[in-house]
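Heads up, the sequence shown stops at 640 in my numbering, and the numbers go up one at a time, no gaps.
Positions of the beta carbon are idealized from the N, C-alpha and C atoms, including for glycine.
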Amino acid sequence: MASRAGIAGAGIAGEGSAPPRGPVGQQRCLPSGLWRLRWEWRRTAALLVLAALVLTGCWDRVEINDRAIVLGMAVDRDEGGRFRVTLSVADPARFPRPGQQGSSQVGQKPVIYIQGSGRTLADALSLIQEVEPRRLYYSHLKALLIGEEAASRGIGPVLDFLMRDAQPRLELMVAVTPGEAGPKFLQATPPLESLPADALRELIRLRLGIMVPLHRLVRALYEPGQEPVLPRVELAPATNDGMPVKGWLIDGVGVFKGDRLVGWLDNATTRGLMWLRGEIQRGTITVSLPGGSVSLRLLHARTQLQPVVDGDRVVMLVQVATEDDLVDNPAGLEVSSPAAIRRIEELAAREIVRRAEEARIALQDRLRTDAAGFGAILRRRNPAAWARLGPRWEEVFPRVEVRYRVQVNVRRPGLTTGAPARSR
């Protein structure tokens, strides 16, 4: 019985089981549903490839010869409130051709200037477009210069146009100038740059002063507890191959309250503001010692602001740490001893505090606007206190007490520690 059952079981298993696995017995046929699904997928992929080949193209292209590439823009407003716009547009005919040196026409800048006016900025630009045969193109706009009257009336309309238009880049550099901006663009002849807009942008990007691209200006304008500032730009006389020229000069900042210009800070006070805002990137600190002066080159700087709130009383603790090299000792003072280095560090720390205090006094007492961003720091560090003090921050800010803790570290006194050779 046992043997029959085993034989029967073996026979049943042999008849009803699936073919053995492996390359010999593997089934290669797929059900009709899977074949249909695979065919549909291939057909869809083929249609997508054909659509990509047919639909892509240059249907909206504009030839370079049909574009008026705007490099710089100056915005002014007249007494009636109308916008006056000056555009600096690249002139391909004046750019040097291969094998040529300088401009194709000696004494001429490779740009032309177009001016127009209107009730709004868009209106002024559209009127310019009506008389300009080429399409105005703003994707290469490098610098925006705003005149004093336009800034005093409010820069909101200018920013509104720039942020709604898709062409201007967010890295566009923005500056403000006393008087009118348009004539300064017309008169600018920077000695080392052929394009005035390029020269202005690169000067701002050196970060010797406060650098404000478009996206940062918009953020400062709409961030609670922070008021905007813009680099103040002037024209400075210079010479190039004996010929008088006028180049750009950064001379402090313009300070805003909301979107309106309310005053100016000179270069020295602007450096103090940069210490308060933590925006010092490079620079030189000169301190006076008995017998002469020494200069330190700033290598690294870090500013931390810590608000302390007690009821309606706000104390802002400003902590600054720097690393410096001693780079100039024209009087030949002895600076090799640790005591001399500590004295220099102490005097440099006092100089930083003095500059920061000048900026604080200007903002709190004269301009009464929080361009240092104390309110924004309080909002981020202590939201509960900001919820209580923020609605009346204009009243609270002038009473904010500022305390300083500055640490200067002179890393290297230089290759020589003694006095230089002197003529007898």
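Check                                                                                                           : Outcome
Simplified DSSP state of Thr500, which is helix, strand or coil                                                 : strand
From Arg582, Leu343, Leu505, residue whose alpha carbon lies closest to that of Gly334                          : Leu343
Segment contact flag, the stretch 503 to 520 with the stretch 532 to 542, C-beta cutoff 8 Å, min 3 pairs        : yes
Start and end residues, alpha helix (DSSP H) containing Thr485                                                  : 483 to 493
Beta-carbon proximity check, Ala588 vs Leu433, cutoff 8 Å                                                       : no
Residue range of the unbroken beta strand (DSSP E) whose run includes Ala517                                    : 508 to 526
Spatial distance of Gly332 from Leu361 (CA atoms)                                                               : 15 Å
Where Thr585 sits in the DSSP three-state scheme                                                                : coil
Contact belief for Ile420 with Ile466 at Cβ below 8 Å, rounded distance in angstroms                            : 7 Å
Validate contact between the stretch 390 to 408 and the stretch 290 to 297 using beta carbons, cut 8 Å, 3 pairs : yes
Three-state class that DSSP yields for Gln403 in the structure shown                                            : helix
Spatial distance of Arg571 from Met490 (CA atoms)                                                               : 10 Å
Gly499 versus Leu512: straight-line alpha-carbon distance, rounded                                              : 9 Å
Ala578 and Leu481 closer than 8 Å at C-beta                                                                     : yes
Three-state secondary structure (DSSP) of Thr302                                                                : strand
Whole-angstrom C-beta distance between Asp282 and Arg350, which should lie under 8 Å                            : 6 Å
Any 3 or more C-beta pairs closer than 8 Å across the stretch 447 to 454 and the stretch 383 to 395             : yes
Neighbour-count burial assignment, Val265, 16 or more Cβ in a 10 Å radius                                       : exposed
Contact under 8 Å by Cβ, Val301 with Tyr353                                                                     : no
Ala662 - containing alpha helix (DSSP H), residue span                                                          : The question about residue 662 has no answer, for the chain in this structure spans 217 to 640.
Selection from Ile568, Gly606, Val612 that minimises the alpha carbon distance to Arg621                        : Ile568
Proximity below 8 Å, CB of Val503 to CB of Ala575                                                               : no
Buried versus exposed call for Glu610 [16 or more other C-beta atoms within 10 Å across all chains shown]       : exposed
Close beta carbons around Leu533, own chain, < 6 Å, minus the five adjacent residues each side                  : Gln522, Arg619
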